[in-house]
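So the protein sequences, as listed, match chains A and B. First residue of the first sequence? That's 1 in full-length UniProt numbering, and the numbers climb one at a time after it. First residue of the second sequence? That's 1 in full-length UniProt numbering, and the numbers climb one at a time after it. Here's the structure, in structure tokens; my notes come after.
Number of protein chains: 2
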Amino acid sequence: MSTLTTDFEQPTMDDYPTRKDSTPALLYRRDPVVWGERDDGPIDQKSLDRYDDAGYLQFESLISADEVQVYRDELRRLSEEPQLRSDERVVVEPSLDEVRSVFEVHKISDVFADLVRDPRVVGRARQILGSDVYVHQSRVNYKPGFGGGDFFWHSDFETWHAEDGMPRMRAVSISIALTDNYVHNGALMIMPGSHRTFVSCTGQTPEDHYRESLRKQEIGTPDQSSLSILAEKHGIDVLTGAAGGATMFDSNCMHGSGGNITPFPRSNIFVVFNSVHNACTKPYAAPGRRPAFIAARDFTPVR
Amino acid sequence: MSTLTTDFEQPTMDDYPTRKDSTPALLYRRDPVVWGERDDGPIDQKSLDRYDDAGYLQFESLISADEVQVYRDELRRLSEEPQLRSDERVVVEPSLDEVRSVFEVHKISDVFADLVRDPRVVGRARQILGSDVYVHQSRVNYKPGFGGGDFFWHSDFETWHAEDGMPRMRAVSISIALTDNYVHNGALMIMPGSHRTFVSCTGQTPEDHYRESLRKQEIGTPDQSSLSILAEKHGIDVLTGAAGGATMFDSNCMHGSGGNITPFPRSNIFVVFNSVHNACTKPYAAPGRRPAFIAARDFTPVR
């Protein structure tokens, strides 16, 4: 006679399984997109609804032209800081000896720290996520023209879930443009509405995958069939706008960017806010965590 | 006492010197852009003026949806023809065993031959060039999505002058779209107005350069400083439009195309018409001619 019992360790249910199976799958999102209300911050109801629908929102001139100049100057200053050249958080293009990205820039620079806690920035993140937020990742990027590479389609959440242990879709990215984004110089492309579908990817995360994946991601890349379905259903938006503008997008937006053969470089500040109620745990599909400058383990709310 | 004499072989003056010097240069165009008149063909005066200004012109639905299907089917038929697989005019992507381009397609296929002599096509070319015209090059292209490469900035005339011996800027290209061109799937980019400046390039043309240059051109590539000047002055137009539409552009337009990470493939028919008064002679800056399927030596007018 068998007894029905729940007296055993319940396996953790994973709503967003990925990198565990040999076939890709399209799964429904199981989390809200907008967690806060109109009165929680500066975003109006219409814009909140649009974010809910499309998975992203653009703001013209979130910061002023003067501020753009301040952040450009600060990026230049950081690029020229000899001490930072050997810092693992600074990504240098070896052939040109030029700085491409500075990670954890809100800890390296007071100027960027102030920007992250600016109500125009963190206020919008808190409103969308309906809670206090902490910085999961921050960086400032500089990409020259004349042949900058593309970045293939991906969901950030897929990586953050698999490699960083982010449990749920309750994070938002903000990209603040320090240069003009045209349709022709490698602007961000988003499949609007794709944030409601989780593309479960195939493959297994190797050790220290982040060293490769920051350049060109292979594991955690959606399959062509899933991408075709999403692109047919949702289309593709190319997000243009002048320097000083900003884009906020959901952690599960299917996005990428084309290459850039134009003479016009691109530079932006990129901050990922995560809800304090969604702090990262153990990676869901990776042998180890990524370094803290890529995936924070300090969940102190931004104040 | 010296005598002034012209009794020696006058060196041939070259208005468009290129690949002869170690420094690049920006030179004025020394040819008209529109050689014909309003009454010479189907293009109205406003459009001729626009072509004169911008160096290109777009036509919505130059051919019907049914015709688009006919040409797609014909491309598929040619792709599957076993005999053509070993033909040097057929470019196959080895890793996928898929046909990417068929050159001299108006000689290989009656269907495309009829298109080239269609008054909607050749009539416009005759009008712009103000004379009878012959086909300098024809091809049909198929580029899949999901990572198709970019094509860097160049002037076709620079190559045709240097490598094919085309004397003057009196040729026009027409590209007829067999798929939709979006801003995001590697559409043609043109710097409008750049056709009035000849960018003299550095380097020397090696033997059999065309084998390389059809994939990725290095020699005959404009320098970054010249491109920056032209892009600042003229900006960059991205030429979108539905299947069936066409773009005609001047031989000296500075143009290129970005890569294509979208799922949407691109396919087009491309024909270069040259004036019969501008027939190619000896290459201006190359050790030998390119093969006739890339640069025709038969100057019989299209009838």
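The C-beta atom is built at its ideal place from N, Cα and C for all residues, glycine as well. All values reported here derive from a predicted model rather than from experimental measurement.
Less than 7 Å between the CB of Val140(B) and some heavy atom of the ligand SAM, yes or no?
In the structure on display, the ligand SAM does not appear, and there are no ligands present to speak of.
Looking at chain B, which residues of the stretch 206-230 of chain A have a Cβ within less than 7 Å of any of its Cβ atoms?
Going along the stretch 206-230 of chain A in chain order, one finds Gln224, Leu227, Ser228 with a Cβ nearer than 7 Å to chain B.
Among the residues of its own chain, which have a CB less than 7 Å from the CB of residue 329(A), if the five just before and after it don't count?
Since the displayed chain A opens at 1 and closes at 303, residue 329(A) lies outside it and no answer follows.
Proximal chain B residues relative to Ile261(A), where beta-carbon distance stays under 7 Å
For the purposes of this step, residue 261(A) is taken as residue 261 along the first sequence, with counting starting at 1. Around Ile261(A), the beta-carbon contacts reaching into chain B at under 7 Å are Asp150, Phe152, Trp153, Gly256, Gly258.
In chain order, what residues of the same chain lie with their CB nearer than 8 Å to the CB of Pro42(A), ignoring the 5 residues before and after it?
As a first step, residue 42(A) must be located in the first sequence, where it is residue number 42. Excluding sequence neighbours, Pro42(A) sits near Pro119, Arg120, Gly123, Arg124, Gln127.
Helix, strand or coil at Asn268(A) [DSSP, three-state]
Here residue 268(A) corresponds to residue number 268 of the first sequence, with the count starting at 1. Asn268(A) falls in the strand class under three-state DSSP.
Using the Cβ count rule (16 or more neighbours within 10 Å means buried), how would you classify Tyr28(A)?
Within the first sequence, numbered from 1, the residue matching residue 28(A) stands at position 28. Flag for Tyr28(A) reads exposed.
Kindly list the residues whose CB is nearer than 7 Å to the CB of Ala285(B), restricted to its own chain and excluding five residues on each side of it in sequence; keep chain order.
Counting from one through the second sequence, the residue named residue 285(B) turns up at place 285. So the list reads Thr18, Arg19, Lys20, Ala162, Thr205, once near-sequence residues are dropped.
Hey, does Val183(A) have any beta-carbon neighbour from chain B nearer than 8 Å?
For this step, residue 183(A) is matched to residue 183 along the first sequence. Yes, Val183(A) counts as interfacial toward chain B.
Take the Cβ of Asp14(B) as the centre, count every other Cβ of all protein chains shown within 10 Å, and call the residue buried at 16 or more, exposed below.
The count along the second sequence starts at 1 and reaches residue 14(B) at position 14. Within 10 angstroms of the beta-carbon of Asp14(B) lie fewer than 16 other beta-carbons, which makes it exposed.
Check the DSSP bridge columns for Ala25(B) and list the partner residues they point to.
As a first step, residue 25(B) is located in the second sequence; it is residue number 25 there, counting from the start. Secondary-structure assignment with DSSP links Ala25(B) through a beta bridge to Ser200(B).
Under 7 Å by beta carbon: chain B residues contacting Val238(A):
Sequence index remark: in the first sequence, residue 238(A) carries index 238 (1-based). Per Cβ cutoff of 7 Å: Val183, His184.
Checking the sheet assignment: what are the DSSP bridge partners for Ala246(B)?
Translated into the one-based positions of the second sequence, residue 246(B) becomes position 246. Beta-bridge partners of Ala246(B) (DSSP): Phe59(B), Ile176(B).
Under 8 Å between the Cβ atoms of Gly259(A) and Ala177(A)?
Here residue 259(A) refers to the residue found at position 259 when the first sequence is read from its first residue. Here residue 177(A) refers to the residue found at position 177 when the first sequence is read from its first residue. Remark: C-beta atoms of Gly259(A) and Ala177(A) do not approach each other more closely than 8 Å.
Would you mind sorting Gln69(A) into buried or exposed? The rule is 16 or more other CB atoms within 10 Å of its CB.
On the first sequence, residue 69(A) is found 69 positions in, with the first residue counted as 1. When all chains shown are included, Gln69(A) counts as exposed.
Could you tell me the boundaries of the alpha helix (DSSP H) in which Gln127(A) lies?
Indexing the first sequence from 1 puts residue 127(A) at position 127. Under the DSSP assignment, Gln127(A) falls in the alpha helix (DSSP H) whose first and last residues are 119-129.
Skipping 5 residues on each side, what residues in its chain have a beta carbon closer than 6 Å to that of Thr262(B)?
For the purposes of this step, residue 262(B) is identified with residue 262 of the second sequence, where counting begins at 1. The answer, listed in chain order, is Gly145, His184, Asn185.
For Phe249(B), would you say it is in contact with chain A, using Cβ-to-Cβ distances shorter than 8 Å as the test?
The count along the second sequence starts at 1 and reaches residue 249(B) at position 249. At least 8 Å separates the CB of Phe249(B) from every CB of chain A.
Short of 7 Å in beta carbon distance, which residues of its chain neighbour Gly148(A), apart from the five on each side in sequence? Order them along the chain.
Taking the first residue of the first sequence as position 1, residue 148(A) is located at position 148. Counting only Cβ-Cβ distances below 7 Å, and skipping sequence neighbours, we find Gly186, Gly259, Asn260.
By DSSP, does Tyr51(B) sit in helix, in strand, or in coil?
Within the second sequence, numbered from 1, the residue matching residue 51(B) stands at position 51. Judged by DSSP in its simplified three-state form, Tyr51(B) adopts helix.
What's the gap between the Cα of Gly55(A) and the Cα of Arg168(A)?
Residue numbering aside, residue 55(A) sits at position 55 when the first sequence is read from its first letter. Residue numbering aside, residue 168(A) sits at position 168 when the first sequence is read from its first letter. In this structure, the alpha-carbon of Gly55(A) lies about 15 Å from that of Arg168(A).
Under a Cβ-count criterion, where at least 16 other Cβ atoms within 10 Å of its own Cβ denotes burial, should Asp73(B) be classed as buried or exposed?
As a position in the second sequence, residue 73(B) is number 73, starting the count at 1. Asp73(B) counts as exposed, since fewer than 16 other C-beta atoms from the protein chains shown sit within 10 angstroms of its C-beta.
One question on the structure: do Ser175(A) and Phe270(A) come within less than 8 Å of each other, judged by their Cβ atoms?
Start at 1 with the first residue of the first sequence, and residue 175(A) comes out as number 175. Start at 1 with the first residue of the first sequence, and residue 270(A) comes out as number 270. Result yes, Cβ atoms of Ser175(A) and Phe270(A) sit closer than 8 Å.
Contacting residues, own chain, Cβ-Cβ under 7 Å from Asn278(A) (five flanking each side not counted)
Taking the first sequence and counting its residues from 1, the one referred to as residue 278(A) is at position 278. Met166, Pro167, Arg168, Arg170, Ala171, listed in sequence order.
The beta strand (DSSP E) spanning Glu93(A) covers which residue range?
Within the first sequence, the letter at position 93 stands for residue 93(A). Its beta strand (DSSP E) spans residues 90-93.
For the pair the stretch 33-49 of chain A and the stretch 221-229 of chain A, tell me if three or more CB-CB distances fall below 8 Å.
Counting Cβ pairs under 8 Å, fewer than three are found: no touch.
Assuming the contact rule is C-beta atoms closer than 8 Å, Leu115(B) and Ala246(B) should be a hit. Round their C-beta distance to whole Å, please.
Locating residue 115(B) in the second sequence gives position 115, where the first residue counts as 1. Locating residue 246(B) in the second sequence gives position 246, where the first residue counts as 1. Not a contact, Cβ separation roughly 11 Å.
Who are the neighbours of Met13(B) on chain D, taking C-beta pairs under 9 Å?
Chain labels in this structure do not include chain D; the protein chains are A and B.
Relative to the C-alpha of Cys201(B), which candidate in Ser64(B), Glu158(B), Ser228(B), Asp164(B) has its C-alpha closest?
In the second sequence, the residue the question calls residue 201(B) occupies position 201. Among Ser64(B), Glu158(B), Ser228(B), Asp164(B), the Cα nearest to that of Cys201(B) belongs to Glu158(B).
Just to confirm before moving on: does the CB-CB distance between Met254(A) and Ser173(A) stay below 8 Å?
Counting from 1 along the first sequence, the entry for residue 254(A) is found at position 254. Counting from 1 along the first sequence, the entry for residue 173(A) is found at position 173. No.
In whole angstroms, give me the CA-to-CA distance for His106(B) and Glu232(B).
If you number the second sequence from 1, residue 106(B) lands on position 106. If you number the second sequence from 1, residue 232(B) lands on position 232. For His106(B) and Glu232(B), the distance between alpha carbons rounds to 38 Å.
Can the beta-carbon of Trp35(B) be found closer than 8 Å to that of Ser155(B)?
Within the second sequence, numbered from 1, the residue matching residue 35(B) stands at position 35. Within the second sequence, numbered from 1, the residue matching residue 155(B) stands at position 155. Contact flag unset, no.
Residues near Thr60(B) in its chain [Cβ-Cβ closer than 6 Å; skip 5 each side]
Here the question's residue 60(B) lines up with position 60 in the second sequence. Looking at the sequence shown, residue 60(B) is not Thr but Glu. The residues are Gly245.
Using a beta-carbon distance below 8 Å, is Met166(A) in contact with chain B?
For this step, residue 166(A) is matched to residue 166 along the first sequence. Not one chain B Cβ lies under 8 Å of Met166(A).
Reduced DSSP secondary structure (H/G/I, E/B, other) of Trp160(B)
Within the second sequence, the letter at position 160 stands for residue 160(B). In the displayed model, Trp160(B) falls within a helix according to three-state DSSP.
Alpha helix (DSSP H) containing Val99(A): first to last residue?
Your numbering for residue 99(A) matches position 99 in the first sequence. Annotation: Val99(A) is outside any alpha helix (DSSP H); the continuous beta strand (DSSP E) that includes it extends over 98-103.
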